[in-house]
Ligand code: THU
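Numbering (our numbering), first residue to last: 79 to 215.
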């Protein structure tokens, strides 16, 4: 993917992280999801006193997009916590499974980073090999 688009997604994820509702963990996560039509959906993590209803930033972004009719996605940038340079916040297994529902694992790009200049890209298929998908039903 174009470097400038990656950087823009990173910036949008950093911005989304500001809205994280994290009174229990204080661990802020932001995500910026790029649809194939060019629209970007931002998401943050939203925690809950009962803990399990907590929604990760990535799923917030996906559910916002899907609930507005979006079905085709190209990439997601994720920024979480305060990582040492070169280390990142990897998406949890539940969020990887949600990505697999809507994205082509061989092409969907997961961009993990801390800021516009410090990020790394992965293909979804490498983050979740041998996964369970609609083809398995
Ligand atoms: N979290 C995310 O938002 N995304 C991830 O990929 C990892 C975890 C959130 C959930 C919870 O609010 C906090 O980070 C600590 O687990």
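Backbone N, C-alpha and C fix where the C-beta goes; we use that ideal spot for every residue, glycine too.
- Query: Hey, quick one: how far does the alpha helix (DSSP H) through residue 190 stretch, first residue to last?
  - Reply: Per DSSP, residue 190 belongs to no alpha helix (DSSP H); it is in the beta strand (DSSP E), 187 to 193.
- residue 171 - containing alpha helix (DSSP H), residue span: 171 to 180
- Query: Can residue 173 be considered in contact with the ligand THU, in the sense that its beta carbon sits closer than 6 Å to one or more heavy atoms?
  - Reply: yes
- Cα-Cα separation, residue 97 to residue 122: 6 Å
- What does a CB cutoff of less than 6 Å around residue 149 pick up in its chain, not counting 5 residues either side in sequence? none
- Item | Nearest-angstrom Cα separation, counted from residue 134 out to residue 235 | In this structure the chain extends from 79 to 215, so residue 235 is not present and cannot be described.
- Would you grab the beta carbon distance between residue 166 and residue 192 for me? Rounded to a whole angstrom, and I think it's under 8 Å. 7 Å
- Look up residue 244 in the DSSP assignment and say whether it is helix, strand or coil. Residue 244 is absent from the model: the chain starts at 79 and stops at 215.
- Could you please give the first and the last residue of the uninterrupted alpha helix (DSSP H) stretch that includes residue 138? 135 to 145
- Message: DSSP has residue 107 in a bridge; who is on the other side?
- Response: 158
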